[in-house]
Every structure is written in structure tokens, then in C-alpha cells.
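Under our numbering, residues 44 to 211 are what the sequence shown spells out, in order.
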Amino acid sequence: MLIRDFIPGEETELRRVFMSSVHTLARDFYTEEQLNAWASAACDQQKWASKIIAMRPFVATVKGQIAGYADLQASGYIDHFFVSGDFSGQGIGSALMQHLHEIAARRGLLQLSAQVSLSAESFFIKHRFLVNERQTALVMGTPLANARMSKALLADNSFKPTPLCGTA
Ligand SMILES: CC(C)(COP(=O)(O)OP(=O)(O)OC[C@H]1O[C@@H](n2cnc3c(N)ncnc32)[C@H](O)[C@@H]1OP(=O)(O)O)[C@@H](O)C(=O)NCCC(=O)NCCS
């Protein structure tokens, strides 16, 4: 598996991953109507492409095929985090999460946050996020339960304290 930056032109492939993820991995948590509102087959391709390009996600590939993707905004907010149904349970999500943590440390971020679906809540808890608030989001007019979650990151402690006088 390889994790790398998104390359413009991959928007349609990411849409495939998103559709597969929602309709396969979230189906035990939401109704058909909710899944269709969240990941509609009738998608404005241009709007989707613009969103993905602005989001600048990281993609996980297996043998050259995109298996999942996730982004990390400057504020520490994770907007999208999706693994394709064909690749779930193979450590792709954990590898992407690890990558986001490494990027966050490099950027000196002190917090990660996300609006996490019911289908991913256990996964985020496993990665030590806490639920801040349960909420109902309106997606295309359809209510969907999710949770605002966050994780405090350790401040960069790579600095070396000045040795006390006389001890160096
Ligand atoms: C949640 C998600 C990203 C996990 O991706 P994944 O590649 O399957 O996760 P991994 O294989 O790295 O699993 C890591 C661990 O989390 C556990 N896990 C993964 N998904 C889980 C779930 N839905 N519920 C409980 N545990 C889960 C796995 O069992 C595994 O545990 P282990 O390390 O003890 O074996 C993926 O299932 C997904 O895309 N879900 C649907 C879309 C979604 O809700 N996205 C989030 C939007 S906020």
C-alpha cells in the first residue's frame, strides 16, 4: 500500500471510492433514503471535482488502484475519510489515519476534528478521538445522525531544554 498526494484528474476515481464506501460500509447504520441523500447517484461532477481539488486529499493505493482517501484541512479538520468497500478491514483506514497524524505533527497542529458518521465512530474512537457532541445533519433535506469528534495532539516536544547551570 502507498499513501500519496491526490493527483488532479483522479476526482472520478475518488467518487467511485466514496460511493462504494457509503453504500457498502455505512448501510448497517443508515436507511436507504439516508444513504442516497449522502451519496447520490445523480452527482454534479463539476461540483464534486472542484470540492476534491480544493480539499487536496491523500490517497491510499493498492497495486495502483485507489483504495481510500482522506484530507486534512489547515485547521485540523478532516472533511472526507473513506475506504472503498472492496478494501475495508485491510488496514487502509488506519494507514490513512496514521498519515494524517504525521502531516498534523509536521504542520504543528494541536487538534484533529471531524463530523463522524455512525459507521466510522468506532474506528475514530479506536484512534483516540472523543465524541464532543451528537448531532443531526441535514443532507439534501434528509436528517443524518453523526457526531462531532476531536482529538487533542501533543505539542511538539522535540525541543531540548537548556541544561541547568553546572550540570552540562
Ligand atoms: C471507517 C473506515 C474508514 C475504516 O476503514 P478500514 O480500512 O476498514 O479500517 P482498518 O482496516 O484500518 O481497521 C482498523 C481497525 O478499526 C476497526 N474498524 C474499522 N471499521 C470499523 C467499524 N465500522 N466499526 C468498528 N470497528 C471498525 C477494524 O476492525 C480494525 O480493528 P483491528 O485493528 O483491531 O483489526 C471505513 O470502514 C469506511 O470508510 N467506512 C464508511 C464511510 C465512513 O463512514 N467514513 C467516515 C466519514 S466521517
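Backbone N, C-alpha and C fix where the C-beta goes; we use that ideal spot for every residue, glycine too.
As the structure is a computational prediction, the values presented were derived from the model and not from experiment.
Alpha carbon to alpha carbon, what distance is there between Q89 and A195? Here residue 195 refers to the residue found at position 152 of the sequence shown. Here residue 89 refers to the residue found at position 46 of the sequence shown. Between A195 and Q89, the C-alpha separation is close to 35 angstroms.
Under 9 angstroms between C-beta atoms of R191 and Q158: Counting from 1 along the sequence shown, the entry for residue 191 is found at position 148. Counting from 1 along the sequence shown, the entry for residue 158 is found at position 115. Contact: yes.
Whose C-beta lies closer than 8 angstroms to the C-beta of D71 among residues of the same chain, with five residues either side of it excluded? Here residue 71 corresponds to residue number 28 of the sequence shown, with the count starting at 1. Excluding residues within five positions, the ones whose Cβ falls inside 8 angstroms are S162.
Should G132 be listed as close to ligand 1, given that the test is whether its C-beta is under 8 angstroms from any heavy atom? The count along the sequence shown starts at 1 and reaches residue 132 at position 89. Yes.
Indicate the three-state DSSP secondary structure (helix, strand or coil) for V111 in the structure shown. Residue numbering aside, residue 111 sits at position 68 when the sequence shown is read from its first letter. It should be noted that the sequence gives Gly, not Val, for residue 111. If DSSP states are grouped into helix, strand and coil, G111 belongs with the strands.
Quick one: is the Cβ of N189 within less than 8 angstroms of any heavy atom of ligand 1? What you label residue 189 is simply residue 146 of the sequence shown in a count that begins at 1. Yes - ligand 1 has a heavy atom lying nearer than 8 angstroms to the Cβ of N189.
Tell me the start and end of each unbroken alpha helix (DSSP H) in the stretch 81-133 that is at least 4 residues and wholly inside, in chain order. 88-98
Beta-carbon gap between M98 and D114 smaller than 9 angstroms: Indexing the sequence shown from 1 puts residue 98 at position 55. Indexing the sequence shown from 1 puts residue 114 at position 71. A contact, by the Cβ cut-off of 9 angstroms.
Return the bridge partner residues of S63 from the DSSP annotation. Taking the sequence shown and counting its residues from 1, one reaches residue 63 at position 20. None, per the DSSP bridge assignment.
Taking 8 angstroms as the limit between beta carbons, can you name the residues of its chain near L173, skipping five residues before and five after? Stepping through the sequence shown from its first residue, residue 173 is reached at position 130. Contacts found: M192, S193 and K194.
Take S63 and list the residues in its own chain whose beta-carbon comes closer than 8 angstroms to its own, dropping the five residues that flank it on each side. Looking up residue 63 in the sequence shown gives position 20. Cβ within range, chain order: S127, G128 and D129.
Confirm the yes/no value for this check: CB of A80, any heavy atom of ligand 1, distance under 8 angstroms. Position 37 of the sequence shown, counting from 1, holds the residue named residue 80. False, no ligand heavy atom lies under 8 angstroms from that Cβ.
Would a C-beta distance cut-off of 9 angstroms place G111 and V65 closer than the cut-off? Here residue 111 refers to the residue found at position 68 when the sequence shown is read from its first residue. Here residue 65 refers to the residue found at position 22 when the sequence shown is read from its first residue. Not a contact, by the Cβ cut-off of 9 angstroms.
Residue range of the unbroken beta strand (DSSP E) whose run includes S213: Nothing can be reported for residue 213: it is not among the residues displayed for the chain, which extend from 44 to 211.
Is it the case that the Cβ atoms of E53 and V105 are separated by a distance below 9 angstroms? Counted from its first residue, the sequence shown places residue 53 at position 10. Counted from its first residue, the sequence shown places residue 105 at position 62. No, these two residues do not count as a Cβ contact at 9 angstroms.
Going by DSSP in three states, C208 sits in which element: helix, strand or coil? For the purposes of this step, residue 208 is taken as residue 165 along the sequence shown, with counting starting at 1. Summary for C208: the model assigns pLDDT 48, below 50, so the residue's position carries little reliability; its value from the coordinates is reported in the next sentence. If DSSP states are grouped into helix, strand and coil, C208 belongs with coil.
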